[in-house]
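The sequence shown lines up with residues 16 to 262 when you count with my numbering. C-beta: ideal position from N, C-alpha, C; glycine also. Just so you know, these numbers come straight off a predicted model, no measurement behind them. Here is the structure we will look at, set down as structure tokens.
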Amino acid sequence: MQSQIGRFPHKAAKRERWAKAFAPSAFIRRSTPTETAKSLVNSWWARFFRIPSIKIRIRPATTADIPVLRDLIEASVRGLQAKDYSPSQIDSALATVFGVDTQLIADGTYFVTEAGSDVDATVPVVQGAPPPSSIVGCGGWSKRKTLYGGDQWTSREAALLDPQHDAAKIRAFFVHPAWARRGIGSMILAACESAARTAGFTRFEMGATLTGVPLYQARGYVALENLEVPLENGEALPIVHMEKRVP
């Protein structure tokens, strides 16, 4: 007796075609040559041009940080504020108003962001950035009346504020130019606002540089008035008095 395949060859061929058509591999989309080439290029690019990342943490500043903070403040002012202020304004502002406020450090209300390998947030490493485990940003808040100015500023007011009636002061924000626009300022600002709220404040205010205004506007601050800070060379430094109210 002939086998079924021998007797009905056309049926065997049909069964074979159906088996191939409904095999699992038939439903897997094949990559085109172009797609395959793109995949290889992307894989190669990722392997050889991968951008490393580094950890960032916030901690309270200490007196031991002061030398580093002085260098950071000057680098930040010269590197980031040149588009808003003239060279002579910057030179005089560094001598007159921009600087470390040791009262903030003593009060425990000044923070630094530190690049390291054992901490919280992660940001990309950039060329020209300070080495790991260094301070890349700083800023704070104050329970005192001084609105702006480092130790050298002559119009400081050390009197304490009343959280029930006064606004906490957001103070002295500076970020290393190589770390600008990577969320460092926002990270410090969030820490300051949280600490001030814990202390009972429901309003925040600041004397913002023209360079810093866009950041603060994006975080809910509104301009109250334009101010002119007198400098030792006879010029003035325009800043903006800004405020934010906690809902």
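Between which residues of its own chain and residue i is the CB-CB distance below 8 Å, once the five residues before and five after are set aside?
i: residue 108; result: 92, 100, 244, 246, 252
i: residue 76; result: 84, 119, 120, 125, 126, 127, 153, 155
i: residue 97; result: 105
i: residue 90; result: 191, 192
i: residue 235; result: 259
i: residue 74; result: 126, 127, 129
Name the DSSP beta bridge partners of residue i, please?
i: residue 259; result: 219
i: residue 251; result: 245
i: residue 213; result: Bridge partners of residue 213: none, in fact.
Go through its chain and collect everything with a Cβ distance to residue i's Cβ below 6 Å, but skip five positions before and after it.
i: residue 240; result: 256
i: residue 81; result: 115
i: residue 138; result: In this prediction, residue 138 has a pLDDT of 48, which is less than 50 and means its spatial position is unreliable; what the coordinates show is noted afterwards. Only 71, 197 meet the Cβ criterion.
i: residue 94; result: 192
i: residue 231; result: 223, 257
i: residue 111; result: 246, 247
Along the chain, where does the alpha helix (DSSP H) that runs through residue i open and close?
i: residue 233; result: 228-233
What residue range does the beta strand (DSSP E) around residue i cover?
i: residue 243; result: 237-245
What residues in its chain sit with their C-beta under 7 Å from that of residue i, if we drop five residues either side in the sequence?
i: residue 113; result: 88, 92, 165
i: residue 280; result: In the structure as shown, the chain starts at 16 and stops at 262, and residue 280 therefore has no counterpart that could be examined.
i: residue 205; result: none
i: residue 222; result: 162, 163, 242, 254, 256
i: residue 175; result: 158, 159
i: residue 178; result: 214, 215, 216
Would a check of beta-carbon distances place residue i closer than 7 Å to chain C?
i: residue 99; result: The structure shown has no chain C; it contains just one protein chain.
- Message: Going residue by residue through the stretch 70-154, where are the continuous alpha helix (DSSP H) segments of at least 4 residues, counting only ones entirely within it?
- Response: Listed in chain order, they are 81-95, 102-111, 117-122.
- Ranges of the beta strand (DSSP E) found wholly within the stretch 152-204, counting only runs of at least 3: 183-190
- Message: Measuring CB atoms only, is the stretch 178-192 touching the stretch 215-232, in the sense that at least three cross pairs come out at less than 8 Å?
- Response: yes
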